[in-house]
Amino acid sequence: MAARGLVSYFQEPLCIFELTSTSKRDALAEMVDAICTQHRIKDRDIILEMLLNRESLGSTGIAQGVAFPHGRTLAVRGLSLVFARSSAGIDFDAMDNEPTHLFFLIIAPPQDKDNLYLQVLGQIVNLIKDDSVRERFLAAKDYGELRQVLEQAAS
Amino acid sequence: MTETKDQAKLLVALQDLDHMIKEVQDTQTSTELKDMGFQMDNIGELKNARDKITAQIRPQLLNRYERVSRTYDRTVVPVVNELCTGCFAKVPTSFRYEKHAVMTCESCGRILYFI
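Protein sequences appear in the order of chains A and B. 1 is the number of the first residue of the first sequence in our numbering; add one for each residue after it. 156 is the number of the first residue of the second sequence in our numbering; add one for each residue after it.
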């Protein structure tokens with residue numbers, strides 16, 4: 001999958017430029033709520049439980065203020081991606097013990113046979129390793145600017 | 156929320172967890188995720204979570220899940236457009252409104268989940 005294709009996974013209603021949550025669990029719930037509202041999903045608790053179970057395996061807060069909560073659940077119909085940000089930072093049990101500011105939550109159904117979600121996850125992880133890209137994700141003021149970051153990073 | 160509804164949701168949560176455990180145990184997938192920088196060390200936590208879920212599922216239903224899972228990778232499948240997405244057999248419309256039982260596909264035996 002070309003990195004350019006990533007833009008299509010970032011939907012405006014699923015971009016939260018300032019999380020209201022201050023804890024790990026609440027931040028995950030806030031992002032899951034965005035997916036459930038957008039995609040009219042009724043079983044929010046199943047998704048949240050899956051993500052919390054994934055976090056118990058090992059925090060998805062990799063480092064440098066970025067986390068990638070992810071996993072598969074039957075409760076969603078297709079791949080969903082939430083971009084979220086917290087200016088203050090959230091204690092996400094990150095590997096470097098630093099607060100997390102950027103979140104890319106990716107969930108997919110188990111029937112995603114092409115492992116698209118691993119491809120999308122890998123693409124974003126690679127992008128975010130670049131300090132300047134990370135800074136631009138932090139600075140993007142709105143959805144338009146976020147799209148620009150993605151498009152420029154892919155070019 | 157009915158007890159049946161809860162049981163169906165617990166089966167979905169159980170399958171999610173079983174897939175996660177399988178993913179961790181799959182060398183190719185776990186290597187890919189570890190190469191991205193993810194930690195996947197506490198598999199014991201997943202097994203504890205599984206025990207907690209299974210303790211809440213009626214034994215007969217859990218047996219059905221375990222039995223079907225020996226045949227199919229996906230034991231619980233969503234119903235889309237009135238079709239079982241495991242075998243694509245038509246699912247009677249009345250199944251959606253069944254309040255007293257967790258429904259299974261009459262064709263393949265998979266457990267049905269109404270999204």
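Positions of the beta carbon are idealized from the N, C-alpha and C atoms, including for glycine. Note that the coordinates shown come from a computational prediction; the quantities given were computed from them, not determined experimentally.
Neighbour flag for residue i against chain B, beta carbons, 8 Å
{"i": "Asn-53(A)", "result": "yes"}
{"i": "Ile-106(A)", "result": "no"}
{"i": "Val-125(A)", "result": "yes"}
{"i": "Gly-78(A)", "result": "no"}
{"i": "Pro-110(A)", "result": "yes"}
{"i": "Ser-86(A)", "result": "no"}
{"i": "Met-31(A)", "result": "no"}
{"i": "Arg-72(A)", "result": "yes"}
{"i": "Thr-60(A)", "result": "yes"}
{"i": "Ala-75(A)", "result": "yes"}
{"i": "Ala-3(A)", "result": "Caution is warranted here: a pLDDT of 42 is assigned to Ala-3(A), below 50, making its placement in the model unreliable, and no coordinate value can be reported."}
Extent of the continuous beta strand (DSSP E) to which residue i belongs
{"i": "Arg-72(A)", "result": "70–72"}
{"i": "Tyr-268(B)", "result": "266–268"}
Test: residue i CB closer than 8 Å to a CB of chain A
{"i": "Met-191(B)", "result": "yes"}
{"i": "Gln-170(B)", "result": "yes"}
{"i": "Pro-214(B)", "result": "no"}
{"i": "Met-258(B)", "result": "no"}
{"i": "Leu-201(B)", "result": "yes"}
{"i": "Gln-194(B)", "result": "yes"}
{"i": "Cys-263(B)", "result": "no"}
{"i": "Met-156(B)", "result": "Residue confidence for Met-156(B) is low, a pLDDT of 43 falling below 50, so the modelled location carries little weight; the figure read from the coordinates is stated next. Closer than 8 Å: no."}
{"i": "Asn-218(B)", "result": "no"}
{"i": "Ile-266(B)", "result": "no"}
Residue i burial status per 10 Å Cβ neighbour count (16 or more: buried)
{"i": "Gln-148(A)", "result": "exposed"}
{"i": "Gly-78(A)", "result": "exposed"}
{"i": "His-70(A)", "result": "buried"}
{"i": "Gln-170(B)", "result": "buried"}
{"i": "Glu-12(A)", "result": "exposed"}
{"i": "Val-82(A)", "result": "buried"}
{"i": "Ala-2(A)", "result": "With a pLDDT of only 44 at Ala-2(A), under 50, the local geometry of the prediction cannot be trusted, and no value is derived from it."}
{"i": "Arg-54(A)", "result": "buried"}
{"i": "Lys-24(A)", "result": "buried"}
{"i": "Glu-221(B)", "result": "exposed"}
{"i": "Asp-173(B)", "result": "buried"}
{"i": "His-255(B)", "result": "exposed"}
{"i": "Tyr-117(A)", "result": "buried"}
{"i": "Ser-87(A)", "result": "exposed"}
{"i": "Thr-230(B)", "result": "buried"}
{"i": "Gly-65(A)", "result": "buried"}
{"i": "Glu-178(B)", "result": "buried"}
{"i": "Arg-4(A)", "result": "Per-residue confidence for Arg-4(A) stands at a pLDDT of 46, beneath the threshold of 50, marking its modelled position as unreliable; no derived number is given."}
Limits of the alpha helix (DSSP H) - the one that residue i falls within
{"i": "Arg-134(A)", "result": "131–139"}
{"i": "Val-149(A)", "result": "143–154"}
{"i": "Lys-189(B)", "result": "182–191"}
{"i": "Gln-123(A)", "result": "116–128"}
{"i": "Glu-49(A)", "result": "44–57"}
Residues bridged to residue i (per DSSP)
{"i": "Leu-102(A)", "result": "Val-66(A) and Arg-85(A)"}
{"i": "Pro-233(B)", "result": "Tyr-268(B)"}
{"i": "Leu-238(B)", "result": "Val-235(B) and Lys-245(B)"}
{"i": "Ala-108(A)", "result": "Arg-72(A)"}
{"i": "Ser-80(A)", "result": "Ile-107(A)"}
Quick one: complete alpha helix (DSSP H) runs, 4+ long, within the stretch 204–228 of chain B?
Look at the stretch 204–228 of chain B and you find these whole runs of alpha helix (DSSP H), each 4 residues long or longer: 214–224.
Mind listing, in chain order, the continuous beta strand (DSSP E) runs of no fewer than 3 residues lying wholly within the stretch 10–34 of chain A?
none
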